[in-house]
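Novice: Sharing a structure here in structure tokens format.
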DNA sequence: TTTCATTTGCAATAATGATGCATTAACACG
DNA sequence: CGTGTTAATGCATCATTATTGCAAATGAAA
């Protein structure tokens, strides 16, 4: 069915010098089919026992280092992962978009359309990354009530 | 020596319906004498064994709920705490300033002078809080090298 | 198919954080 | 000032997230 999608993931792995293993393909598949960043515990839940927990940690870490996914810390200190938009790479990881963390369902949305405006940071501080997390109640939770 | 300072902390506690215990005063004293947000492990280190770890957690949690301090999650998912600027209270907790997380010394600075510019968030999302963490190399670490 | 580096699974460990419960301390009231 | 009541603390325990070392399994290339 998803021949081309699968091929796409495999290319992504090979391009980054990673072997295309079942576990990695599964993680890529899950992450790419979700509209919000996924927390590690939730991922673990989705995958079940097919992949060892340690393996999952290592896969996520490797992917992050290669720029395949990015990690967002939510307000509760848990890691959330999402597929990077195309323009990320190992050395040019642009992470400067906004995330929305729902305080009710805990989901993390990537608000790709919102950019962080330029800021004047005090002299002497070298900026490497920016991470804006907006928290509140998401659309779905608002409608549910 | 610090009679008035101490009085100030005690007032703060009483104002929030909290008993003025030694542990709480010590935490307030430490936090107010630091120029950057302090991580939980570092706090634990500073305090030593005088205060139980659980007590420290509970104090920090209580203070946060009362709006006495605020919590910032750094990029590594550890909690950092800082005294709120005067205008915070339990129901009006304005946390919308920027924090700088040094990737080298791990310190977290409150950049009070920098404000988060207004953002257009998609309709249906109710914003309750904003948290912008800029990471990079801080002034001191830059000068050290 | 065989070799070799990578990847995985398992066991063990560490750190952060929460909970239940008995003990202690603060403070309001007589 | 005592003293009772409520809040706060300390201790033991447990849950979760994350890391490391090592042996076994697997992918890829020859």
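Chains as they are written, first to last, in my numbering: chain A, 49 to 193; chain B, 49 to 193. Glycine included, every Cβ here is placed at the ideal spot set by N, Cα and C.
Regarding residue 69(A) and the ligand NAD, is the C-beta to nearest heavy atom distance less than 7 Å?
Specialist: Judged by which ligands are present, the structure shown has none, so any question about the ligand NAD falls away.
Novice: Relative to the alpha-carbon of residue 114(B), which residue among 165(B), 66(B), 192(B) and 97(B) has its alpha-carbon at the smallest distance?
Specialist: Working through the second chain from its first residue, we reach residue 114(B) at position 66. The shortest Cα separation from residue 114(B) among 165(B), 66(B), 192(B) and 97(B) belongs to 66(B).
Novice: Residues in the stretch 176-187 of chain B with C-beta within 7 Å of chain A's C-beta atoms, listed in sequence order?
Specialist: Only those residues of the stretch 176-187 of chain B whose C-beta falls short of 7 Å from the nearest C-beta of chain A are listed: 176, 177, 178, 179, 180, 181, 182, 183, 184, 185, 186 and 187.
Novice: Which residues, in chain order, does the stretch 101-127 of chain A contribute to contact with chain B at a C-beta distance below 9 Å?
Specialist: 119, 121, 122, 123, 124, 125, 126 and 127
Novice: Around the C-beta of residue 70(B), are 16 or more other C-beta atoms found within 10 angstroms, so that it is buried, or is it exposed?
Specialist: In the second chain, the residue the question calls residue 70(B) occupies position 22. Under this definition residue 70(B) is an exposed residue.
Novice: Could you tell me which residues DSSP puts in a beta bridge with residue 85(A)?
Specialist: Here residue 85(A) refers to the residue found at position 37 when the first chain is read from its first residue. DSSP lists 156(A) as partners of residue 85(A).
Novice: Measuring CA to CA, which of 165(B), 176(B), 89(B) and 186(B) is closest to residue 175(A)?
Specialist: If you number the first chain from 1, residue 175(A) lands on position 127. The residue from 165(B), 176(B), 89(B) and 186(B) with its alpha-carbon nearest to that of residue 175(A) is 186(B).
Novice: Nearest CA to the CA of residue 94(A): which residue from 122(A), 107(A), 190(A) and 74(A)?
Specialist: Position 46 of the first chain holds residue 94(A). Ranking 122(A), 107(A), 190(A) and 74(A) by Cα distance to residue 94(A) puts 74(A) first.
Novice: I'd like to confirm the pairing. Which residues does DSSP put opposite residue 131(B) in its beta bridges?
Specialist: Numbered from 1 along the second chain, position 83 holds the residue referred to as residue 131(B). DSSP lists 117(B) as partners of residue 131(B).
Novice: Contact defined as beta carbons within less than 8 Å: I believe residue 68(B) pairs with residue 107(B). What is the distance between those atoms, to the nearest angstrom?
Specialist: For the purposes of this step, residue 68(B) is taken as the residue at position 20 of the second chain. For the purposes of this step, residue 107(B) is taken as the residue at position 59 of the second chain. Their Cβ separation, rounded to whole angstroms, is 12 Å, which puts residue 68(B) and residue 107(B) out of contact at 8 Å.
Novice: For residue 129(A) and residue 56(B), what's the separation of their Cα atoms in angstroms?
Specialist: The residue labelled residue 129(A) in the question sits at position 81 within the first chain. The residue labelled residue 56(B) in the question sits at position 8 within the second chain. Roughly 44 Å between the two C-alpha positions.
Novice: Along the chain, where does the alpha helix (DSSP H) containing residue 190(B) start, and where does it finish?
Specialist: Within the second chain, residue 190(B) is the residue found at index 142, counting from 1. Segment 187-192, the alpha helix (DSSP H) holding residue 190(B).
Novice: Would residue 146(A) pass as a contact of residue 180(A) if the rule is Cβ separation under 8 Å?
Specialist: The residue labelled residue 146(A) in the question sits at position 98 within the first chain. The residue labelled residue 180(A) in the question sits at position 132 within the first chain. In contact: residue 146(A) and residue 180(A) (Cβ atoms closer than 8 Å).
Novice: Just the C-alpha distance for residue 76(A) and residue 151(B), rounded to the nearest angstrom, thanks.
Specialist: Numbered from 1 along the first chain, position 28 holds the residue referred to as residue 76(A). Numbered from 1 along the second chain, position 103 holds the residue referred to as residue 151(B). Distance between the alpha carbons of residue 76(A) and residue 151(B) is about 28 Å.
Novice: Establish whether the CB of residue 165(B) and some CB of chain A are separated by less than 8 Å.
Specialist: Counting from one through the second chain, the residue named residue 165(B) turns up at place 117. Interface residue, yes.
Novice: Taking all protein chains shown into account, do 16 or more other C-beta atoms lie within 10 angstroms of the C-beta of residue 182(B), making it buried, or fewer, making it exposed?
Specialist: For this step, residue 182(B) is matched to residue 134 along the second chain. Flag for residue 182(B) reads buried.
Novice: So residue 170(A) contacts chain B; which residues on that side make the cut at Cβ distance below 9 Å?
Specialist: As a working note, residue 170(A) is residue 122 in the first chain. Neighbours of residue 170(A) on chain B, chain order: 148, 157, 159, 161, 162 and 187.
Novice: Where residue 78(B) and residue 169(A) are concerned, what is the direct C-alpha to C-alpha distance, given to the nearest angstrom?
Specialist: Start at 1 with the first residue of the second chain, and residue 78(B) comes out as number 30. Start at 1 with the first residue of the first chain, and residue 169(A) comes out as number 121. Rounded to whole angstroms, residue 78(B) to residue 169(A) spans 26 Å at the Cα level.
Novice: Helix, strand or coil: how does DSSP classify residue 148(B) here?
Specialist: Working through the second chain from its first residue, we reach residue 148(B) at position 100. If DSSP states are grouped into helix, strand and coil, residue 148(B) belongs with the strands.
Novice: From residue 177(B) to residue 184(A), what does the alpha carbon distance come to, in whole angstroms?
Specialist: Position 129 of the second chain, counted from the first residue, corresponds to residue 177(B). Position 136 of the first chain, counted from the first residue, corresponds to residue 184(A). Distance between the alpha carbons of residue 177(B) and residue 184(A): 6 Å.
Novice: Tell me which same chain residues have a C-beta within less than 7 Å of the C-beta of residue 131(A), skipping the five on either side of it?
Specialist: Position 83 of the first chain, counted from the start, is the residue given in the question as residue 131(A). If we look at residue 131(A) and ignore the five residues flanking it on each side, its Cβ neighbours are 79, 80 and 117.
Novice: DSSP three-state call for residue 174(A): helix, strand or coil?
Specialist: Numbered from its first residue, the first chain carries residue 174(A) at position 126. Residue 174(A) falls in the strand class under three-state DSSP.
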